[in-house]
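Read the structure below first, then the notes.
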Amino acid sequence: MVEMVSRPYASAFEKYAAGNKDILCLSADLTSSCEIDGFRDRHPDQFLSMGMAEQNMLSFAGGLGLAGFRPFIHTFGVFMYRRPYDQLMASIAYPRRKVRLMGFLPGVTTPGGMTHQAIEDISVMRSIPNMTILETGDATEVESICEAADSIDGPVWCRVLRGSVPRLFDTPIKVGEMRELSSGDDILVVTSGICTEEAMRARSALQKAGLSIRHLHLHTIKPFDSKALLDHISSVKHGVVTLENHVTEGGIGSLVAETMADAGVGKRLVRLGLKDTYAHGGSRAYLMRYYGLDATAMVRGIEDLMGQEFGITEDDLDTARVEDVHSLVKAEAL
């Protein structure tokens with residue numbers, strides 16, 4: 012039974028930041044939705060409410076970085092890079108400010124539709140010089156994301172999960188490394204974020220079908236250990252399948268494709284994720300099924316790579332967890 016942890020970010024951020032006067036908590040009018048309302052109430056001297064003015068907030072954070080502070084910015088991911096892109100580049104990335112960008116609602120983890128779903132943020136952030144990219148996939152990674160991000164000498168983009176989050180791992184994030192969740196020599200599966208649990212749901216059924224699966228989970232997307240990935244790819248017979256809560260262009264599927272192309276690797280690659288589309292509103296489970304981000308999609312992707320069907324149905328997969336509403340305050344999960 013998977014342990015569920017309620018609001019792991021809320022307690023983890025407060026534990027890490029409280030009393031460290033160099034760390035300031037910035038909010039863009041989504042304080043309770045980003046689980047920092049308790050920190051605001053108990054540590055008002057380290058909290059700044061910047062309102063719905065993200066361009067100003069990012070420039071302000073750059074100034075704080077110049078003054079020696081390490082601001083942690085909290086808002087929904089889409090509002091942190093689409094609207095204030097120029098300020099992100101000029102005030103934070105170019106001068107390598109120690110600004111920690113905590114982006115909530117990655118991909119389809121919200122029913123809010125395209126205005127709230129950060130589906131292309133990794134591709135944007137990968138192209139920005141000096142930017143580190145981290146993504147959380149379980150409660151343990153959420154609990155360790157603040158310390159991991161704050162270890163970086165420069166800006167960090169973090170895809171953060173909120174609400175009720177499963178605990179899948181027992182060790183914290185180690186920046187620059189990847190997790191090997193299962194060893195196998197037929198197919199390499201590479202996942203990140205919420206898609207890792209979906210791949211884990213599919214593994215036992217695939218193994219019963221006679222497939223030996225090697226599964227890597229990425230929490231560090233930039234910088235990336237290309238050599239380690241190539242070693243894993245060389246150890247499997249048939250190829251690679253990637254699954255991500257993001258568009259397939261510019262995310263981990265592209266990262267793996269670029270690594271293979273640069274090294275002249277001739278094995279097959281199947282990239283699963285959002286296919287040149289925005290996602291509409293709906294529950295996370297529905298959206299993951301509709302857009303092919305779930306365990307069933309992983310099975311079908313492996314069948315495509317292998318060129319054969321294994322007769323695996325939804326009933327053969329491990330049970331999906333039941334997800335609580337994201338926010339205790341807003342039932343619409345915004």
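Residues are numbered in the numbering used here as their position in the sequence shown, beginning at 1, plus a constant of 11. The C-beta atom is built at its ideal place from N, Cα and C for all residues, glycine as well. These numbers come from a predicted model, not from an experiment.
- Note on geometry: alpha-carbon atoms of L37 and R137 lie some 24 Å from one another.
- For S246 against R225, the beta-carbon gap comes to about 7 Å, under 8 Å, which counts as contact.
- Here I133 is not near G312, since their CB atoms are 9 Å or more apart.
- Comparing C-alpha distances from F115 to each of F90, H291, S223 shows the shortest one belongs to F90.
- In the three-state reduction of the DSSP assignment, R108 falls in the coil class, being assigned neither a helical nor a strand state.
- In the displayed model, K26 falls within a helix according to three-state DSSP.
- Taking one beta carbon from each stretch, the region 70 to 77 and the region 115 to 126 have fewer than 3 pairs nearer than 8 Å; the two do not touch.
- Under the 8 Å Cβ criterion, the region 320 to 332 counts as touching the region 207 to 222, having at least three qualifying pairs.
- Annotated three-state conformation of I144 is strand, per DSSP.
- With 16 or more neighbouring CB atoms inside 10 Å of its own CB, G148 falls in the buried class.
- The bridge partners DSSP lists for V258 are L285.
- Sequence-distant partners of V251 (beyond 5 residues in either direction) whose C-beta falls short of 7 Å from its own C-beta, in its chain, are L199, V201, I244, V267, K278, L280.
- When the five nearest sequence neighbours on each side are left out, the beta carbons in the same chain lying within less than 7 Å of the beta carbon of M317 are those of H249, in order along the chain.
- The closest CA to that of G284, considering only L254, L179, A306, is found on L254.
- Going by beta carbons, I84 and A39 fall inside the 9 Å limit.
- Its chain contains S102, I103, R108 as the residues whose beta carbon lies nearer than 6 Å to that of G73, once the 5 sequence neighbours on both sides are disregarded; these appear in chain order.
- If only uninterrupted beta strand (DSSP E) runs of at least 3 residues are considered, those enclosed by the region 193 to 278 are 198 to 203, 224 to 229, 231 to 233, 250 to 258.
- A check of alpha carbon separations from H127 across Y96, I163, F87 identifies F87 as the nearest.
- Under the three-state reduction of DSSP output, G114 falls in the strand class.
- Annotation for V119: no alpha helix (DSSP H) segment contains it, and DSSP assigns it neither H nor E.
- Contact annotation, L241 with V186: C-beta distance approximately 20 Å; criterion of less than 8 Å not satisfied.
- DSSP places C169 inside the beta strand (DSSP E), whose first and last residues are 167 to 171.
- Nearest in C-alpha terms to G165, of all of E158, Y105, A150, is Y105.
- Proximity to T42 across A239, S162, M113, Y289 peaks at M113, based on C-alpha coordinates.
- M211 is the residue among P177, T182, M211, D181 whose C-alpha sits nearest the C-alpha of S193.
- The straight-line gap separating the alpha-carbon atoms of M100 and D329 is approximately 43 Å.
- Here D327 has A216 as same chain residues with Cβ atoms under 6 Å from its own Cβ, once five neighbours each way along the sequence are excluded.
- DSSP places S155 in the uninterrupted alpha helix (DSSP H) bounded by 150 to 161.
- Closest in alpha carbon position to A23, among V153, Y92, G174, is V153.
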